[in-house]
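S.K.: Input: one structure, supplied below.
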Amino acid sequence: MLNPVAENLALIHSKITEACKRVNRNPNEVNIIAVTKYVSINRAKEAQETGLFHFGENYEEGLIEKYSELGSDIVWHYIGTLQSRKVKNIIDKVDYIHSLDRMSLVKELNKRAVNVVKCFIQVNVSNEESKHGIHPNELVPFIKMIEDYPLINVVGLMTMAPHTDDKDVIRSCFKHLRKCQQDVQALQVSYAPCQNLSMGMSHDFEIAIEEGATFIRIGTSLVGE
Ligand SMILES: *Cc1c(COP(=O)(O)O)cnc(C)c1O
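Letter by letter, the sequence shown follows residues 148 to 372 of this note's numbering.
Quick look at the structure:
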């Protein structure tokens, strides 16, 4: 029996290669995060068997459960909204946090962490009420405030494009995030190298790659619903 994730992964790899070719990027710059929030442990193990090692979870419970089953070779990404009171339960298990969006969370992470925490700041570039993330205008002041919290390292920015079939709208969101990245990089601060862009999901990862994504977060089209 062929591993169903392997089949999906082959298709995704070919789309990554094509998208990279269109904009002259090296496909090795694009990391796939397998988002396992909807699926069983077994399916997550099938994903692991294909050689995928970046895994993303949205919820504390799912993370803790899969963390204990899949072993320590996985690089864990916490991609969901993070409540401050949950930080202490996940901080020793995750390698990256993609949803840093407020100072209270910065403080809690800095208080609970033992080592430096690699964080993406979630930016609401689509400016939808429903979306989490800080407003682009608040990004640079936010970065400056993080200076006082030595265990926070800003490795990049994260966003979610709106649910739409309008590719221009999606693309302009991703372009906007890249512009925000340049603003952060212009600060030239050591605690915020901001070298990564976490953007692109099942339905829009090819556009995200064309606009510079280094981490794409794929759930449905990779591991199923
Ligand atoms: C669920 C989720 C994904 C994956 O979404 P798919 O459309 O299933 O690929 C990516 N990022 C975040 C933040 C998510 O919550």
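Positions of the beta carbon are idealized from the N, C-alpha and C atoms, including for glycine.
#1: Check whether the segment 256-267 and the segment 283-299 touch, using three or more Cβ-Cβ pairs below 8 Å as the test.
#2: Cβ of asparagine 171 within 7 Å of any heavy atom in ligand 1?
#3: What I want to know is whether the C-beta of serine 273 ends up closer than 7 Å to one or more non-hydrogen atoms of ligand 1.
#4: Closer than 7 Å to a non-hydrogen atom of ligand 1 - does that hold for the CB of glycine 366?
#5: Under 7 Å from any heavy atom of ligand 1, does the C-beta of glycine 198 make it?
#6: For leucine 298, which three-state DSSP category applies?
#7: Can you grab the Cα-Cα spacing for the pair histidine 310 / serine 368, in whole Å?
#8: Considering histidine 245, what are the terminal residues of the beta strand (DSSP E) in which it resides?
#9: Spatial neighbours of aspartate 239 within its chain, please: C-beta separation below 8 Å, excluding the five flanking residues on both sides.
M.R.: Based on what the coordinates show:
#1: Cβ pair count under 8 Å is three or more, so yes.
#2: No; taking the cut-off as 7 Å, the Cβ of asparagine 171 has no heavy atom of ligand 1 nearer than that.
#3: No.
#4: At least one heavy atom of ligand 1 sits closer than 7 Å to the Cβ of glycine 366.
#5: Result no, Cβ not under 7 Å from ligand 1.
#6: Reduced to three states, the DSSP call for leucine 298 is coil.
#7: Taking the straight line from one Cα to the other gives about 16 Å.
#8: Histidine 245: member of the beta strand (DSSP E) spanning 243-247, first to last residue.
#9: The residues Val261, in chain order, have a CB closer than 8 Å to that of aspartate 239 in the same chain once the five nearest residues on each side in sequence are set aside.
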